[in-house]
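Q: Numbered according to this note's numbering, the sequence shown spans residues 1012 to 1603.
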Amino acid sequence: MSSLNQFKIKHRLIFIIVLFLLVISSMTVVFNYTQTLSKDTWSLSERFMLIEHTVLKISKLVLQARFQDKNFLMYNNLKYVKKYKKDISELNTQLNMLISLVDDVEQISMVNNVRRSLNNYAHAFEDVVKSRVGNGLPGGSALSYGEQGGIKPLITAYVDRSLKVVKGIDDVNEKIKVLQQTTDVMLFELQLLEKRTYLLAEEEGVLFELRNTQVQSIYYIMLAVMAGLTVLLMAFIIRDINRSTMQLHGALLGVSSGNASLTESLFVEGKDEMADIASLFNQLLVRLNSMLGEMASMSCHLTCSADSAKHLKDETTRAIQTQVGEIDKIAGEINLMTTSIERVAENARSASIRANEADHNTGTGQRVVAEVIGSIEQLAHYVEQTGESVEQLNVYSREIDSVIAMINGIAEQTNLLALNAAIEAARAGESGRGFAVVADEVRTLSQRTTSFTDEIKKTIANLQQGAKQSAEAMKLGREQAIESVGKAQQAGEALSAIAESVASIATLNADMSQSASQQSKLAGEINQNIQGINIATNQLAVSARQTMSDSGDISQTASMLQSMSRQFGASEAVVELPSDKKADESSDIELF
């Protein structure tokens, strides 16, 4: 019965319904036929009863007619002739009715024989009546006596006289004999007709019983066969449906409990609804397998991205440490510059005090000026290096921008993956509830990552602004250093011309003192800017630590997704990770 699987269940049920309707129709037809047969039999029985009644009535009428003709022969009264004619007329009517009722050839022949015998009997009686009347019976007076009732003595005398006349007349006796013979023949024919009617009735009854038995046998046989076929078809259909349902139930139970692999598919047999459901279930398994494979691949890529972010974090940490070292150097150089400026001021004051000793100390002053020029040039060099470091800090800040953009891209991809996972979990229904919770946690993590990257952007923007201000301050300091070099050169020239213009030493010393004050002020501002850069660097370090923590969370989430995909036995995407990347999520950034 495997061929039943080629039909839809509704088609099979429709076939059973049609078969049941055919059984009902067949039973109805047989029942109607039985009822029709019963009606025909009843009609036939009524017809035979009517025939029997008619035959009996004809026999009765024959006896009545014979009684009337005997009365006529006994009493020679024509009133009996009238009654006789009335009975004969009724006999003809009944014979006509009998002919219309019978359909058997032998019965029709018998009825015709009875009719002929009746005609012969009528002719014979008419001959007897004519003979009696011709032998002296006044037909009119006898009739009038018969009509009026007559006088009994006269009738008796008339009858006696008629009997005497009859006894004397041979031809009348012969006719009476013929009449009697005709009557006997007619009665015999009626007896034969009655017997034939009884025989036909019995034969029709036997045929009816036999036909009724055959019809009932056919009826019950058809009922049993149709019921057996219907039950057999329903049993096969229920067995096929139950087998397919149990197979699908086992597969769903295995998938829901996690004991089955998504790579295993159901065997599809036939073209019915259960086969369609099995095919759709196989397509669902393929789709889930593909999704879990993509999820595993995405988790691997996410792990790689987290490790890459950690690597970039390490590089950023090293860059920040380098920047902190450079800032420390700049602070030291600025302190040296401040000390040098104070030394210049002190020297200016000493030059003012010792103006009288200028000639003696000119050589010493020239050496000091030369040292100041060298220090200022070195300071200008340091300031230029500090400007380059600040520019390098800007470059690193822009690199951090690219890293943050990449982290934002990863967070957006993670959010999209979480949304897709939530959608697929919603499609999966009850079995995807845990997966929906994980997808929601991943989406929350991506939103936190986006929020943290926005904070990092703001911090880096502040750092870039501070670096820009530091660069401008360094530029101004370099210009001042260049100016100080010029001033120192002027001081050297002044020292060279001390001998020529001691009077101008005071003025030059005042200028030098003023320049030293300005340089000291600029050095203080530079020191403040460096402290601001140091604070921004510390904030960047904190952001880097938070980025490292988020990268660890992303890596852990990717591991959870891979574990979930392996639970269903889905195909996993193999992604090779760099061997030098270690997930050290507890490490921190130590800058100072």
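C-beta atoms are modelled at their ideal positions from N, C-alpha and C, and glycine is treated no differently.
1) Could you say which of Arg1354, Lys1468 and Glu1344 lies nearest to Ile1541 if we only look at CA atoms?
2) Under DSSP, the alpha helix (DSSP H) around Ser1111 begins and ends at which residues?
3) Got a sec? Which residues, its chain only, sit under 8 Å from Ile1415 by beta carbon, not counting five neighbours each side?
4) Using CA coordinates, which residue listed in Glu1395, Gly1497 and Arg1077 is at the minimum distance from Lys1096?
5) Is it buried or exposed for Lys1090, if we count other Cβ within 10 angstroms and need 16 for buried?
6) Please report how far the alpha carbon of Glu1101 lies from the alpha carbon of Leu1072, in whole angstroms.
7) If the criterion is Cβ atoms closer than 8 Å, does the pair Ala1422 and Ser1400 meet it?
8) Contact between the region 1302 to 1313 and the region 1425 to 1436 is defined here as three or more beta-carbon pairs at a separation below 8 Å; is this criterion met?
9) Count the other C-beta atoms from every protein chain shown that fall within 10 angstroms of the C-beta of Glu1441, then say buried if there are 16 or more, exposed otherwise.
10) Going by DSSP in three states, Asn1087 sits in which element: helix, strand or coil?
11) If we count the other Cβ atoms within 10 Å of its Cβ and call it buried at 16 or more, is Gly1477 buried or exposed?
12) Ignore the nearest five residues each way along the sequence and tell me which others in Met1237's own chain have a CB closer than 6 Å to its CB.
13) With 16 as the cutoff for other CB atoms within 10 Å, does Asp1098 come out buried or exposed?
14) Using C-beta distances below 7 Å, list every residue in its chain close to Ile1537, excluding the 5 sequence neighbours before and after it, in chain order.
15) Are the CB atoms of Val1066 and Leu1109 within a distance shorter than 8 Å?
16) Alpha carbon to alpha carbon, what distance is there between Asn1405 and Val1383?
17) So, Ser1408 versus Leu1474, is the Cβ gap smaller than 8 Å?
18) If you reduce the DSSP assignment to three classes, tell me which class Ala1320 lands in.
19) Using a Cβ-Cβ cutoff of less than 7 Å, which residues in the same chain neighbour Met1417 once the five nearest sequence positions on both sides are dropped?
20) Within its chain, find whatever has a CB closer than 7 Å to the CB of Gln1480; leave out the 5 residues flanking it on each side and keep chain order.
21) On the criterion of 16 or more Cβ atoms from any shown chain inside 10 Å, does Asp1251 qualify as buried, or is it exposed?
22) Compute the beta-carbon to beta-carbon distance between Asn1419 and Thr1461, rounded to the nearest angstrom, for a pair I have assumed lies under 8 Å.
23) Could you work out which residue in Leu1243, Leu1390, Met1309 and Thr1548 is closest to Ile996 when comparing CA atoms only?
24) Near Ser1351, which residues of its chain fall below 6 Å by C-beta distance, leaving aside the five closest residues on each side in sequence?
25) Is Asn1426 helix, strand or coil when you go by DSSP?
26) Tell me the DSSP secondary structure of Ala1508 in three-state form.
27) Going by the CB atoms, is the gap between Leu1024 and Thr1241 shorter than 8 Å?
28) Tell me which same chain residues have a C-beta within less than 8 Å of the C-beta of Ile1546, skipping the five on either side of it?
A: This is what the structure gives:
1) Glu1344
2) Lys1090 to Leu1112
3) Thr1464, Ile1467, Lys1468 and Ile1471
4) Arg1077
5) buried
6) 7 Å
7) no
8) yes
9) exposed
10) coil
11) buried
12) Val1034
13) buried
14) Ile1345, Ala1484 and Gly1488
15) yes
16) 32 Å
17) yes
18) helix
19) none
20) Asn1540
21) buried
22) 6 Å
23) Because the chain here runs from 1012 to 1603, residue 996 falls outside it and cannot be looked at.
24) Ser1386
25) helix
26) coil
27) no
28) none
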